[in-house]
Structure formats: C-alpha cells, structure tokens
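Peer 1: Protein chains in written order, with the working numbering: chain A, 1 to 482; chain B, 1 to 250.
All residues carry an ideal CB built from backbone N, CA and C; glycine is no exception.
No experiment lies behind these values; they were computed from the predicted model shown.
Structure below; questions to follow.
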C-alpha cells in the first residue's frame, strides 16, 4: 500500500507535465505509451547494466518488442516503477540483486492479490514457505510475462467484461442512434452459451484488448456480429446461404433476418425447446401469416393447448435453408412435407386421423404425375411444359388449414371444386365426386370401384392359371405322342 | 400324299396381314406407355417414362396409340359386318356350339381319353377366344380410356364414381390383356411345338397343307372338296407312325 500511495503524486505530475509541455521527448512508439517510449530511449539499448555493491550485475536492458507482446503491455513503466517517470530518475542504491528483486516484486501484489495467487496450487505451496518463498520475478520476467492460459481464461475473462458491461452503458453510433451495451448476466448464465467466453464471439477483444469499433447503425453491427456464429455452427451457416433470407439480405435488404434475430444474442436457448416461442419469432416479421396460422387447426392447438405435435413454421419451411414458398420446388415437396406427420400412423392414430391420406394421393393420377415431374427436373422435360398439379394445400389450405369434418367441411369442399375447375375447365358441382377422398374403395365407399378391383383380383389369376394349364397339357400331350 | 406335304394354302390377304402388324405395334405401344403408369414404382417404368421424355409425353403417345387402336377396331368391325352382309366372306369367327364341343374333345385328347384332336374349321376355338377377347377387351379399353380422357364431360352425365371405376377397369383389363398375350398368344404363335420357331402364317399369308390337316381339317376338306374323313384318315395313320405334329417348314 505504501508503494501505491507513492505512485499517485508521480502519475499526476507526469500527466501535468504532458499537458503543459506538448511534444515532450520523442513521439510515442506504436503500441506503447509515451512514458514507456521515453524509458526505452535508454533501457532499449543493449548492454545497459546496473552494478550492485555486492558485485552482482543486473541487466537493465528491456526488449521493447517482447514487452509489447507481454501481458503487461498496457501498463506504463511507472505503474510498477513508481518513482520513475519520463521526468524523474531518482538514484537508488541496493545492497544486492536479491534485495532489489524482493523490493521490486512486492509491487506485483498491487494487481495480483494474495487470495488470487493462492488459487493456484503452485503459488500456494510457494507462499507457504514464508521467508524462503521465491520472489515473483524469480520465475516470471515482468517485462516478457505472457498470459499463463494463452489467452483463454474463460470465467475470469467473462468477469473481466462484466465488470463494466453489467452496468447500464451504451454508445452512440454514427447515425446518432444509441445502443445499450449492457449484458444481462442472468440471461447469459441461462443461455446455452454459458460456457463460452465473451471473446469467442466478440473477436479481437480480450482482457487486454478493447478495440474501438464504430458502426453506422445498430443493424450494421448485428449483421456483422452474426458472422461470429458460423465459427461453431458452420452447418447451419451453410444452410442459411441457400435460404431466401440470405438471398434477400445479399440483395441489400438489411431487414432480412440473421442468426441473432431469431436466436437472440446473449440469451440463446435451444430453438426447438419452445415451439410457440419459435413460431412467434417468425411472426415478428410475418405477422399476417402468423395471425392466419394461429386460427388454423394446427395453430389453435399450439396456442391454446400448447400441443407440440402440430407443425410450427420451421417444420414445413425448415429453419435455416428456408426456401421461397412460391417456388415450384417447394410446391412439389408439399405431399412429402405433409406426409412427415400425416403419413405417421402412430401420430395419426392419436388423433383418429387416416394415415393413408398421403399414400392415396401419391398413388393416384395427380400424385404419380407430380412424382414424375419431380424426377424430370434433370431436364427430361421443361418445367414450362408441365401442368399445375393439385397438391394437399390446394384443398386443405396453407396457413389456414381446417378440419375436413364438422362445420369447416364446406370450406374444404368449396376449395376442392375451385381447384378442380382450375385445370378441368367446366367441371360441375358433381365432378369432385370422382375423387375418392383419400379412402380406399370399399363396399360403403366407392362400391363400384371396389367391385371392379375385386372381380379382376380373382379373374386375372383364374384366366392366367387356366391358360397356363392348357399350355402345359398341350406340351405334355405332344411329348407323349412323340 | 407325300407330294402334298409341302403344298401351301393361302390363309390371309394383305389387308389382314397389315391389320395384324398395325395392331401388334399399337398394342405394344399401349402396353409400354400404359403399364409403366400402373406400375410407376418399378425402375423399368421410371426408365421408360424418363426416356420417352416425361410423363406428359408418355400420355400423349398413349392417347394417340389408343386412337389408332380404336380406329383399327372400328374399321375391322365395319368391314367385317359389311363383308358378311355382302356375302364376300363367311362369318367364320362366329362362336357356335361346335367350339364348346371341340374344346371338350381336345380336353379328352390331352388327357389321352381319345387318340385324335378335335376337328376344327377355319378358326379353332382357341383363336376365336383370342379374337373375341381382343374385340370385347378393346371396347372396354376404348370406352374406359375415353372416360379417363374426358372426365369433366363424363361427370356431367354420370356419377363421379364412374371415373375412378373406369380407371380401375382400364388398368386391370390392360394387365389381363397383357398377360394373356404374353402367355397364350406368344405360346401359340412362337413356342408351341407345332409352330416353333414361329408361326409365319400372319407374315406370309400362307400355311402349309400339313398344318391345315392338323389344325383346320374341316376348312381343308371344303377347299379340296373331299369329305373330312378323307383328310384325317392319312393324318391319323401318319400320326400313329411318327407322332409328328410339326408342320413341314411353313
């Protein structure tokens, strides 16, 4: 403490001197303050030594480059050598090198408190030796010391940042907008990234570095900062490159979402953990569609019953590689998309739904046509030549999917008729009856179709076996005659 | 009689020959373009559809083949009826009681109960079965095919269920026709020991007298203006000697 009190007047003197005597000494070497530059003017010369009365010699040469790379590079010389400054160089005498080292090392405790040192088993055992304990500089050269953990001091680094960023603080960006730089410590602890250090995402920053950056707008900052995510989530990042959101962003619309817009920054949680929250995030931009969805059979179950079986936005649109929903590719995949749930018999049984609906579509004329259109993508036939094939959404709705039974039956029926008429010009009210409504023909449902299939099921083998027996008899008779 | 074994008798005119070839071609096209849709999950179907240039092209080919097939049938029936009325040719394809009796007699022959096959006329019961199968099946395929081609117009007159019913009938009947042709017709015209390696009658229009003796003795008797017993007498003795049914290289 005695040392600390002595430093202050000298520091003030130094600042005073610098203020009233502009351009004192030489200009500061890059990366070092003026104080250190002045000292290195002499101490940067090789061969500078101090001779103690004991006859021992101490090298007083300081390698400026090594110092700049050291953990102490941001400290000025006088922070440790309290009585010395660019102006003052008091003459002091020590009996021996050991006496000097002991005195000089005591200044380390200003920053490296005893409690902190004792956390390290090495230091703890050395400190236990009382008078026989070696001095700091005996092991760590204070002018070249580097960070023990090589820059990775996870928790303590986070503490380092939070010392300031836990408080309400902010900056004003170039466009005049103020941005809060406060980080909610509790939310950070609750996030999935709690084990990461701040610098894992905020590149260039460390316990000793705090580069000054300036952005035009908060949006510029968010977009730039979201690039940090790909360092770990590279698979997701590459998926987003194919997405419509990225395409819009790269065309200059900065409103298109980046990672942090959906996942948050310091509050990242498992995206799928809360389905309702996940779909609400999409709803922040896609408000009208989200509104429609919440009124649909799926959305109602999600919002009112918190039913997690129902699809949310990301289930149909995917999360990262989101395609434009108006593309042919996306439309072609509709039966597959719906089939993920509606072809799952366990899930459909739970709700008393027919799990055969998707297959009945795929096996029918439209489904087969669609399948081959998809296969023709290799250029067998041009897209322009194809007909617009009706899929699930044309009759059942898209975001406004309704029940096919109960009061909404007529909505579906009307959609069906309208959809038929789009391709089959002049289709009457009765025309949709040609559609077997996803059900296998049976005596009660489409008996004519059922009976025709049944007849052939017996007639084809009967006929074939009869003819083959005739052939065999003929061959046998011929062989006997020979 | 030995000098008569290599005598050929005219069986079909150029009209019938061309008709058969056209039918064979159109039938093959219809089978390829139709069954590949029914069995769309098979790799060979996928190959056919993509090779032909997509499912829409395939359907165009199928429909044009269907039109030609329908025209062939309509022309055939019209001409056939016209010829019968004008007494240009006899109604040789008409089914009569003898066909059923012949079928049963051949059964007895196959099982060794009798020692000679049934005596048949210009067309035996197997040929009549195939002929009427093509005519009846053809009408079914044409009518159901039209229902599938023009569903909107059909649904104006008939209940909607007719359309999937037509699809079921069209698809099943096609499979039946295909299977009958690849077993029965291919056996009788290629693999049957009596004609192997190929019954050339439909290509050359001629048939050996030897085969006529075995297969159409009643017609041969009429042509040569002798009683049928005269025709088959030698046949039966010849039969006992060598047992050969093979025609002398038609």
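Can you pull the chain A residues whose beta carbon is under 8 Å from the beta carbon of residue 284 of chain B, in chain order?
Peer 2: Nothing can be reported for residue 284 of chain B: it is not among the residues displayed for chain B, which extend from 1 to 250.
Peer 1: Measuring straight from C-alpha to C-alpha, what distance separates residue 79 of chain A and residue 209 of chain A?
Peer 2: 18 Å
Peer 1: Please identify, using Cβ separations under 9 Å, the residues of the segment 441-458 of chain A that lie next to chain B, in order along the chain.
Peer 2: When C-beta distances to chain B are compared with 9 Å, the residues of the segment 441-458 of chain A below that value are 441, 446, 447, 448, 449, 450, 451, 452, 453, 455, 456 and 457, in chain order.
Peer 1: Might you give, ordered along the chain, the residues of its own chain that have their beta carbon closer than 8 Å to the beta carbon of residue 321 of chain A, omitting 5 neighbours on each side?
Peer 2: 239, 240, 242 and 243
Peer 1: For residue 302 of chain A, does the three-state DSSP call read helix, strand or coil?
Peer 2: helix
Peer 1: Determine, using beta carbons only, whether residue 210 of chain B comes closer than 8 Å to chain A.
Peer 2: Output row for residue 210 of chain B: interface = no.
Peer 1: Please list, in chain order, the chain A residues whose beta carbon lies closer than 8 Å to that of residue 159 of chain B.
Peer 2: Within 8 Å Cβ-Cβ: 430 and 433.
Peer 1: Scan the segment 32-58 of chain A and note each continuous beta strand (DSSP E) run of 3 residues or more that stays entirely inside, going in chain order.
Peer 2: 49-51
Peer 1: Considering only the alpha carbon of each residue, which of A/97, A/182 and A/88 lies closest to residue 51 of chain A?
Peer 2: A/97
Peer 1: Comparing the C-beta of residue 426 of chain A with each C-beta of chain B, is any distance below 8 Å?
Peer 2: The Cβ of residue 426 of chain A sits closer than 8 Å to at least one Cβ of chain B.
Peer 1: What does residue 172 of chain B reach in chain A if we use C-beta pairs closer than 9 Å?
Peer 2: Close partners of residue 172 of chain B in chain A (Cβ separation under 9 Å): 452, 453, 455, 456, 457, 459 and 460.
Peer 1: Establish whether the CB of residue 54 of chain B and some CB of chain A are separated by less than 8 Å.
Peer 2: yes
Peer 1: For residue 248 of chain A, which residues in the same chain have their Cβ closer than 6 Å to its Cβ, ignoring the five residues on either side in sequence?
Peer 2: 256
Peer 1: Please check if any C-beta of chain A sits within less than 8 Å of the C-beta of residue 156 of chain B.
Peer 2: yes
Peer 1: What does residue 49 of chain B reach in chain A if we use C-beta pairs closer than 9 Å?
Peer 2: The contacting residues are 372, 375, 376 and 380.
Peer 1: Are the CB atoms of residue 32 of chain A and residue 68 of chain A within a distance shorter than 8 Å?
Peer 2: The beta carbons of residue 68 of chain A and residue 32 of chain A sit closer together than 8 Å.
Peer 1: To the nearest angstrom, report how far apart residue 103 of chain B and residue 445 of chain A are at their CA atoms.
Peer 2: 41 Å
Peer 1: Here's the rule I'm using: 16 or more other beta-carbon atoms within 10 Å means buried, otherwise exposed. How should residue 99 of chain B be labelled?
Peer 2: By the 10 Å Cβ count, residue 99 of chain B comes out buried.
Peer 1: So which residues of chain A does residue 127 of chain B contact, with C-beta pairs closer than 9 Å?
Peer 2: Taking the beta carbon of residue 127 of chain B as reference, no residue of chain A falls within 9 Å; the closest one sits roughly 13 Å away.
Peer 1: Let's see if you can read the secondary structure: which residues bound the alpha helix (DSSP H) around residue 179 of chain A?
Peer 2: Careful: residue 179 of chain A lies outside any alpha helix (DSSP H), inside the beta strand (DSSP E) at 178-180.
Peer 1: Any beta carbon of chain B sitting closer than 8 Å to that of residue 385 of chain A?
Peer 2: It does; some Cβ of chain B falls within 8 Å.
Peer 1: What's the gap between the Cα of residue 220 of chain A and the Cα of residue 81 of chain A?
Peer 2: Take the alpha-carbon of residue 220 of chain A and the one of residue 81 of chain A: they are about 44 Å apart.
Peer 1: From what residue to what residue does the beta strand (DSSP E) around residue 172 of chain A run?
Peer 2: 170-172
Peer 1: Compare the C-beta of residue 463 of chain A against all C-beta atoms of chain B and say whether one is closer than 8 Å.
Peer 2: Closer than 8 Å: yes.
Peer 1: Report yes or no: is there a C-beta of chain B within less than 8 Å of the C-beta of residue 487 of chain A?
Peer 2: There is simply no residue 487 of chain A to check, as chain A begins at 1 and stops at 482 in what is shown.
Peer 1: Roughly how many whole angstroms lie between the Cα atoms of residue 296 of chain A and residue 397 of chain A?
Peer 2: 9 Å
Peer 1: Measure the alpha-carbon distance for residue 23 of chain A versus residue 214 of chain A and round it to whole angstroms.
Peer 2: The predicted position of residue 23 of chain A is uncertain, since its pLDDT is 41 and thus under 50; a value taken from the coordinates is nonetheless stated next. Approximately 29 Å between the Cα atoms of the pair.
Peer 1: Can you tell which of A/345, A/335, A/395 and A/116 has its C-alpha closest to the C-alpha of residue 361 of chain A?
Peer 2: A/335
Peer 1: Report the three-state DSSP secondary structure of residue 386 of chain A (helix, strand or coil).
Peer 2: coil
Peer 1: Compare the C-beta of residue 163 of chain B with all C-beta atoms of chain A and state if any pair is closer than 8 Å.
Peer 2: yes
Peer 1: According to DSSP, simplified to helix, strand and coil, what is residue 87 of chain A?
Peer 2: coil
Peer 1: Around the Cβ of residue 69 of chain B, are there at least 16 other Cβ atoms within 10 angstroms (buried) or fewer (exposed)?
Peer 2: buried
Peer 1: Return the residues of the segment 192-210 of chain B that lie within a Cβ-Cβ distance of less than 9 Å from chain A, sorted by chain order.
Peer 2: 192, 193 and 194
Peer 1: Strictly under 8 Å for the Cβ-Cβ distance: is residue 169 of chain B near chain A by that measure?
Peer 2: yes
Peer 1: Report the rounded CA-to-CA distance for residue 38 of chain A versus residue 162 of chain A, giving the unit in angstroms.
Peer 2: Here the alpha carbon of residue 38 of chain A sits roughly 34 Å from the alpha carbon of residue 162 of chain A.
Peer 1: Whole-angstrom Cβ separation of residue 331 of chain A and residue 56 of chain B, contact assumed at under 8 Å?
Peer 2: So it is not a contact: roughly 17 Å between Cβ atoms.
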